[in-house]
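The structure under discussion appears below in the form of structure tokens.
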Amino acid sequence: MAHAATHDHHDDHHGAPKNFFTRWCMSTNHKDIGTLYLVFSLTMLFIGGSFAMVIRAELFKPGMQLVQPYFFNEMTTMHALVMIFGAIMPAFVGLGNWMIPLMIGAPDMALPRMNNLSFWILPFAFTLLLSTLFLPGGGPAGGWTMYPPLSLQGDSVAYVVFAVHLMGISSIMGAINIIATILNMRAPGMDLLKMPVFVWSWLITAFLLIAVMPVLAGAVTMLLTDKYFGTSFFNAAGGGDPVLFQHIFWFFGHPEVYIMILPAFGIISEIIPTFARKPIFGYKAMVFAIASIAFLSFIVWAHHMFAVGLPLGAEIFFMYATMLIAVPTGIKVFNWVSTMWGGSMTFETPMLFAIAFVILFTIGGFSGLMLALVPADFQYHDTYFVVAHFHYVLVTGALFAIIAASYYWLPKWTGRMYSETWGKIHFWNSVIWVNVLFFPQHFLGLAGMPRRIPDYNVAFANFNMISSIGGFLFGASQLIFLGVIVHAVWFSKKKATDRVWEGAKGLEWTVPSPAPFHTFDVPPVIHDEDLAHGHVDH
Amino acid sequence: MMSQPQVMKDPGQAQRLRKARRTALIVAAFAVAFFLFSILQMVWLQHAGPAH
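One line per chain: the protein sequences are D and S, in this order.
Numbered as in my numbering, the first sequence ends at 838 without a single skipped number.
Numbered as in my numbering, the second sequence ends at 53 without a single skipped number.
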């Protein structure tokens, strides 16, 4: 069925508007909007990364070196907001936009105009957020968690709240689109349990987004009314309670962590079978594990608040509920390893990043289990151990999966192969320096170094210096990634085949490379042997 | 002017799109409900007194 799905594979951009503004600003095409999301998230990755460089430069040695404490706090706050809402989440939406219709045999997303709006809200939201750095009173500096009363000091509250509202609206519209697309636009024969794990992971993530982004919107709306309209939701002097903000924030915040990692699980579940040349081990178990993790994410939020003074019963409940997440997560890690076991493996760049993901994300998962223990958390809370933990989850987890996906699908998007040599140079630099950056932070945290401080005791000097060197080199390594992408898009002479990878299965590999502007005008006839997952014969 | 949407050559596609719009409306209604509930429960808690 290879090329039957596309009406004109000789003209890759048949139907694409010639005018630059019309094509990119008014686009309703899922591939172009996916590209816009990916370019935006890469830009935000470098902006958020530059904030991280300021943080690591200041922490290079004890004492105040380069910046004022308030600016340092602005950097920690902005780094998190930009990376979470600007880099990681839009990258997954971009990958979803590009790949979900291709994977399920749909011609486009179900609501293409809303898709355009979902994207174009984001540049305005982040312009608004980043502009606060130039306000006379400075930008937000109370941490990305925006705990009142700290976050209500300063004059940037309204800007930040409006920016968060815009990001939330964008995410919710994106999630609505993905749910409507997956539930209704699948090609005949593409049963739910034949869908790729990446599509499943996005469907479940979209439901998480629908459930929790409005809660964040509600929480920041109440911050706004507390600041400017005389309410006292979180003001103890007026009969409110600041701890209630923490409850409602983390009811959003913990599922948010899974919003950033479940699509990564989906990506890894696509890449490992391709390069192990075996179907994924335990397809249904993988799907149910993702759903279980999503469910459990709603009943663990207070593990972020053990030190706030919860009743003992609540602490015990949230401790055990959190530890329960290790079960479905363990199933996933076991199944990835089992997929590789006995496989005919090759180690192209996407596979290297996927294997690094499995190992390093597991380290982040284990340190998360340590933090789930109430008595231990009283020691670890708000230390660099927490910083090390969530960076193992979000950098070597989410970001590595996004990079792996970019290498994996780039030939399908551009029709050209990237440089495997430079891809591997990028991988080895990334994997070495990211560990030099974050692993010593475990020791700093266990020794008692608090997070979010610009100065520290000389006892912490050595590990901080090592961590900063790792940070600078990890940051510089990502310039290689940028170079590889630029080379592949504009300069590479090596054409990609339609299937690209020898072991690749799934509908997305049955269309030409580069994927034509319009695909699956007529729903494809599904042959089980073309599919990667489910009840299919290989 | 928006770029030209893809021409649907499959008659079943129009019906799928109609169903998709209905799904989108239902999901959007849930999102609005969660937003309102998150604020209303706080209003209720404030009237009921401190939570702990």
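Glycine included, C-beta positions come from ideal geometry on N, C-alpha and C.
What residue from the options has the CA that sits closest to residue i's CA?
i	options	result
L402(D)	G697(D), G539(D), F690(D), M485(D)	M485(D)
G386(D)	F372(D), F618(D), W444(D), A406(D)	W444(D)
F772(D)	L737(D), M375(D), G783(D)	L737(D)
G582(D)	I625(D), M640(D), I548(D), T622(D)	M640(D)
W709(D)	M344(D), A796(D), F565(D)	A796(D)
G13(S)	Y370(D), A406(D), Q365(D)	A406(D)
T505(D)	V461(D), A614(D), P555(D)	P555(D)
K578(D)	E829(D), G803(D), D332(D)	G803(D)
I421(D)	H742(D), M473(D), I769(D)	M473(D)
A788(D)	R716(D), W728(D), V460(D)	R716(D)
D798(D)	L807(D), W790(D), I355(D)	L807(D)
P675(D)	A576(D), H603(D), L744(D), N329(D)	H603(D)
M409(D)	T622(D), D332(D), F371(D)	D332(D)
M399(D)	P711(D), Y756(D), P740(D)	P711(D)
F346(D)	V557(D), A776(D), E829(D)	A776(D)
R413(D)	I703(D), I384(D), M326(D), N535(D)	M326(D)
E570(D)	L612(D), V499(D), G540(D)	V499(D)
P542(D)	F529(D), L450(D), V825(D)	L450(D)
L624(D)	F647(D), M651(D), G665(D)	G665(D)
L562(D)	Y528(D), M389(D), G518(D), F321(D)	M389(D)
Name the chain D residues that come within less than 7 Å of residue i, Cβ to Cβ?
i	result
A29(S)	I476
A32(S)	I472, I510, P514
A15(S)	By Cβ distance, chain D contributes nothing, its closest Cβ being about 12 Å from A15(S), past 7 Å.
In chain S, which residues lie with their C-beta within 7 Å of the C-beta of residue i?
i	result
G539(D)	Q47
F533(D)	M43, Q47
A788(D)	What A788(D) touches in chain S: nothing, since even the nearest Cβ is about 25 Å away.
A517(D)	F36
What residues of chain D sit near residue i, judged by a beta carbon separation below 8 Å?
i	result
A21(S)	A410, L411, A480, T481, L483, N484, M485
Given that residue i touches chain S, what residues does it touch there, using C-beta distances under 8 Å?
i	result
V339(D)	Here the premise fails: no neighbours, minimum Cβ distance about 18 Å.
Applying a beta-carbon distance threshold of less than 9 Å, which residues of chain S neighbour residue i?
i	result
I548(D)	S39, Q42, M43
F602(D)	Note on residue identity: the sequence assigns Ala, not Phe, to residue 602(D). Going along chain S, no residue has its Cβ under 9 Å from A602(D), so there is no contact; the nearest lies around 12 Å.
T521(D)	F36, S39, I40
Taking 9 Å as the cut-off, decide whether the C-beta atoms of residue i and residue j are in contact.
i	j	result
I655(D)	I725(D)	no
I378(D)	G439(D)	What sits at residue 378(D) in the sequence shown is Met, not Ile. Yes.
A594(D)	F657(D)	no
A316(D)	F820(D)	no
F549(D)	L516(D)	yes
I476(D)	M495(D)	no
P754(D)	V367(D)	yes
L746(D)	Y680(D)	yes
V731(D)	L660(D)	yes
G723(D)	V811(D)	no
M522(D)	F552(D)	no
V497(D)	F565(D)	yes
A463(D)	L433(D)	no
I478(D)	G396(D)	yes
T714(D)	S813(D)	yes
N329(D)	R752(D)	no
G718(D)	S792(D)	The amino acid at residue 718(D) is misidentified as Gly; the sequence shows Tyr. Closer than 9 Å, so yes.
A705(D)	F739(D)	no
A21(S)	L411(D)	yes
W733(D)	F760(D)	no
M344(D)	F426(D)	yes
I567(D)	M490(D)	no
V33(S)	P514(D)	yes
D682(D)	A614(D)	no
Quick one: which unbroken alpha helix (DSSP H) runs of 4-plus residues sit fully inside the region 615-688 of chain D? Chain order, please. 626-640, 649-672, 674-680
What ranges does the alpha helix (DSSP H) occupy inside the region 730-787 of chain D, keeping only unbroken runs of at least 4 residues that lie completely in it? Counting whole runs of 4 or more residues, the region 730-787 of chain D contains the alpha helix (DSSP H) stretches 761-786.
At 4 residues or longer, and completely inside the region 391-444 of chain D: list those alpha helix (DSSP H) runs for me, N to C. 412-431
Interface residues of the region 381-410 of chain D facing chain S [CB-CB below 7 Å]: P407, D408, A410
Pick out the complete beta strand (DSSP E) segments inside the region 436-490 of chain D, 3 residues or longer, and give them in chain order. none
Enumerate, from N- to C-terminal direction, the unbroken alpha helix (DSSP H) stretches of 4 or more residues contained entirely within the region 515-564 of chain D. With a minimum length of 4 residues, the continuous alpha helix (DSSP H) runs that stay inside the region 515-564 of chain D are 542-559.
Sequence ranges, alpha helix (DSSP H) only - wholly within the region 330-404 of chain D, length at least 4: 330-358, 369-381, 389-404
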